[in-house]
Amino acid sequence: MDPGPSDASRVRSSADPGERREPTTSVVVCAHTERRWTSIVAGLQALAAQSRRPDQVLLVVDHDDALLRRAAAELPGLLGLGGDDTWLTVLPNTRGRGLSGARNTGVHAGVGDVVAFLDDDAVPAPDWLDRLVTALAETGADGVDGRATPVWPPSGRPRHLVAELDWVVGCSYRGLPEHRAPVRNLLGATMSFTRAALELAGDFDEAAGRVGDVLLGGEETELCLRLARRKPGALLVHEPAATVAHHVSADRTTWRYLARRAYAEGLSKAHIARTAGPGAATSTERAYVRRVLPAAVRRELRSGAEGGPRGAAGVVVGLASAGAGYARGSLRRAGRTDRRATALRAPEGAR
Numbered sequence: 001m002d003p004g005p006s007d008a009s010r011v012r013s014s015a016d017p018g019e020r021r022e023p024t025t026s027v028v029v030c031a032h033t034e035r036r037w038t039s040i041v042a043g044l045q046a047l048a049a050q051s052r053r054p055d056q057v058l059l060v061v062d063h064d065d066a067l068l069r070r071a072a073a074e075l076p077g078l079l080g081l082g083g084d085d086t087w088l089t090v091l092p093n094t095r096g097r098g099l100s101g102a103r104n105t106g107v108h109a110g111v112g113d114v115v116a117f118l119d120d121d122a123v124p125a126p127d128w129l130d131r132l133v134t135a136l137a138e139t140g141a142d143g144v145d146g147r148a149t150p151v152w153p154p155s156g157r158p159r160h161l162v163a164e165l166d167w168v169v170g171c172s173y174r175g176l177p178e179h180r181a182p183v184r185n186l187l188g189a190t191m192s193f194t195r196a197a198l199e200l201a202g203d204f205d206e207a208a209g210r211v212g213d214v215l216l217g218g219e220e221t222e223l224c225l226r227l228a229r230r231k232p233g234a235l236l237v238h239e240p241a242a243t244v245a246h247h248v249s250a251d252r253t254t255w256r257y258l259a260r261r262a263y264a265e266g267l268s269k270a271h272i273a274r275t276a277g278p279g280a281a282t283s284t285e286r287a288y289v290r291r292v293l294p295a296a297v298r299r300e301l302r303s304g305a306e307g308g309p310r311g312a313a314g315v316v317v318g319l320a321s322a323g324a325g326y327a328r329g330s331l332r333r334a335g336r337t338d339r340r341a342t343a344l345r346a347p348e349g350a351r
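Going by the UniProt record's numbering, the sequence shown runs without a break in its numbering and finishes at 351.
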């Protein structure tokens, strides 16, 4: 539920095109389990076939030795790479366990002027990277993200997960800008930054973000807010033409997952609010709750076009679970409970 619209007037023109040089690009893909092997291979094959081929791809394996060995042994052949081809680098996460540590490993190992991030269960469209880099150049932005479209299991979209809740499964949700526009923060499944912006902002917060199957997040939001504090006027842009197909596994389509994921989102936002302040940490979410969710509930109850009463109930469950997580995470006691442990001990209804 992270990215959100901002003042469209802030999209600015780039410098004289004659003064530009083509930026070099690094794409970071972070993986943590062999269960996603098929998706990992599909994503890397799609990167190899990009209209703007990345100069460097880094597959960072997050503390899974079996996956690390398999990737190093099999991927060069599957991608048609020669023994001396350095286009793909497979490397272990040398930082703290989790997505933030893996991303930091990739950023520091990369050499591109632009660093893009792709989830290990996402497959980019052929022009994905070109769209991101073009938007960076045309707007002068510090970072650009794209649109992640869910690819549902054979059973299809569950009726309780209306499009306004697609953030629950890591995808772009109804309510985001439909055209290129500024946003507060970027969507982790399909985002890019200039290297200069990342160097200014610093590393992803390794106290935030996912570790394995623990559903905490918010590390992209925290980094984007930190960039804004360090660079007044920093510009982040949503480019919906840069698309990825984001695979949704069947276990993410249940009511239990909705409640658990939304609860963890609330915990994550409370963590961010401690450093960025509650106003900055929840500005997009407040607008989403006021404007987008009530309209979704009214639509579902009135027409039943998508999920009907189940869709309306899904919105209520998601909102209530996120609110409970935020309240729990906001408790400021002596000897605060570690938020990862708190997430694992979420109420039974939120698991």
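The beta-carbon is built from N, C-alpha and C at its ideal position, and this holds for glycine as well.
List the residues that DSSP assigns as beta-bridge partners of residue i.
i	result
P92	V61
H238	D145, A181
L176	R174
F117	V28, M191
P124	V244
P150	H246
Q56	S26
Could you tell me the alpha carbon to alpha carbon distance between residue i and residue j, rounded to whole angstroms?
i	j	result
R345	V169	Note on R345: pLDDT 40, under 50, position unreliable in the model; the coordinate value appears next. Spanning the two alpha carbons is a distance of roughly 21 Å.
L331	A48	47 Å
T134	G112	15 Å
D119	R147	12 Å
A109	G101	12 Å
R184	L81	39 Å
A312	H271	28 Å
L99	A228	22 Å
L91	A273	33 Å
residue 355	G308	Past the edges of the chain, shown from 1 to 351, lies residue 355, and the structure says nothing about it.
T253	R299	21 Å
Y257	L161	11 Å
A8	A72	Because the pLDDT at A8 is just 41, under 50, the model does not fix this residue reliably, and the value given afterwards should be weighed accordingly. One C-alpha to the other measures close to 44 Å.
R328	K269	11 Å
A41	G83	Reading off the sequence, residue 41 comes out as Val, not Ala. Taking the straight line from one Cα to the other gives about 18 Å.
P23	E178	27 Å
R226	A322	23 Å
C224	W167	18 Å
A125	A46	7 Å
V289	T105	35 Å
D65	G233	42 Å
G318	C171	15 Å
R53	T275	38 Å
W255	A320	13 Å
Is it the case that the Cβ atoms of residue i and residue j are separated by a distance below 7 Å?
i	j	result
V57	A31	no
R97	H63	yes
L200	K231	yes
D55	T89	no
G266	Y173	no
P153	A250	yes
E219	D203	no
D127	S51	yes
A296	E164	yes
A208	E222	yes
V29	L59	yes
E34	L67	yes
R180	E239	yes
T139	V248	no
Exposed or buried, which one is residue i when buried takes at least 16 other CB atoms within 10 Å?
i	result
T190	buried
D85	exposed
R261	buried
L78	exposed
T94	exposed
P294	exposed
R21	exposed
A196	exposed
G43	buried
R336	In this prediction, R336 has a pLDDT of 48, which is less than 50 and means its spatial position is unreliable; what the coordinates show is noted afterwards. Exposed, since its Cβ has fewer than 16 Cβ neighbours within 10 Å.
D142	buried
L156	Position check: residue 156 holds Gly in this sequence, whereas Leu was assumed. Label assigned to G156: exposed.
R302	exposed
Rounded to whole angstroms, how far is the Cβ of residue i from the Cβ of residue j, which I believe are closer than 8 Å?
i	j	result
L136	S192	7 Å
H246	P182	That pair is no contact at about 23 Å.
S132	V123	Inspection of the sequence shows that residue 132 is occupied by Leu rather than by Ser. About 15 Å; that fails the 8 Å criterion.
T194	V244	Not quite, the Cβ-Cβ distance comes to about 20 Å (not below 8 Å), so this is no contact.
A259	G217	Contact doesn't hold; Cβ gap of about 15 Å is too wide.
D121	R36	5 Å
L198	V315	Rounded, the Cβ-Cβ distance is 35 Å, inconsistent with contact.
G188	F117	6 Å
Of all Cβ atoms in chain D, is any one closer than 7 Å to the Cβ of residue i?
i	result
P126	The displayed structure is made up of one protein chain only, and chain D is not part of it.
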